[in-house]
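Asker: First the structure, then my questions, so here it is.
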Amino acid sequence: ERVIEDMPSLRRLRDEDLRRTVLRLVLRLRVSAAEREEVEEIVRALHGTSSRHGSAAVLQVDRSGLALDAVDLGDALEGLPPVLADTAARLRALAQSAGPEGEVAQRALYHLYRLVRSG
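Converting from the sequence shown to my numbering requires adding 11 to each position, the first position being numbered 1.
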């Protein structure tokens with residue numbers, strides 16, 4: 012079992028030789044939207060896809076401690092149509108509150124970020 016609490020540790024894990032390793036990966040970190048994409052990319056590389064073997068022999072991932080910090084998306088949401096810009100502003104305000112509403116707003120901001128980035 013490997014508990015990952017920061018991005019440099021996850022990047023180092025990606026570079027290790029894990030071909031003969033059964034790995035339970037526990038993610039306990041708060042990441043930005045861009046880092047979240049990198050986390051998913053690293054997990055895909057470790058786990059593999061239907062067309063590519065993963066770098067770990069067997070992988071189980073616990074994402075329950077993976078938190079998204081989507082409040083500060085920088086310039087990623089600049090230039091949106093007014094209705095989307097207003098929605099993003101309201102979601103940012105909601106995302107700063109504690110509890111389930113804040114978490115839902117964080118996820119909504121992340122999905123908006125991914126939608127904008129995909130073009």
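Virtual Cβ for every residue (Gly too), placed ideally from N, Cα, C.
All of these numbers come straight from a predicted model, not from anything done at the bench.
Rounded to a whole number of angstroms, what is the C-alpha to C-alpha distance between V82 and V33?
Answerer: Distance between the alpha carbons of V82 and V33: 35 Å.
Asker: Between E89 and L123, what straight-line distance do the alpha-carbon atoms span, to the nearest angstrom?
Answerer: Taking the straight line joining both Cα atoms gives about 12 Å.
Asker: Roughly how many whole angstroms lie between the Cα atoms of V69 and H58?
Answerer: Cα to Cα, the separation comes out at about 7 Å.
Asker: Just to check my reading of the structure: L120 and G76 have Cβ atoms closer than 8 Å, yes? What is that Cβ distance to the nearest angstrom?
Answerer: Rounded, the Cβ-Cβ distance is 20 Å, inconsistent with contact.
Asker: Can you tell me the Cβ-Cβ gap for L91 and A99, rounded? I've got them flagged as a contact below 8 Å.
Answerer: Indeed they touch by this definition, with Cβ atoms about 7 Å apart.
Asker: Are there 16 or more other CB atoms within 10 angstroms of the CB of R47, so buried, or fewer, so exposed?
Answerer: Per the 10 Å Cβ criterion, buried.
Asker: Kindly indicate the opening and closing residues of the alpha helix (DSSP H) around D28.
Answerer: It is not in any alpha helix (DSSP H) - D28 carries neither H nor E in the DSSP assignment.
Asker: Ends of the beta strand (DSSP E) at G76?
Answerer: Start and end: A67 to L79.
Asker: Tell me the rounded alpha-carbon separation between A116 and V14.
Answerer: C-alpha separation (whole angstroms): 27 Å.
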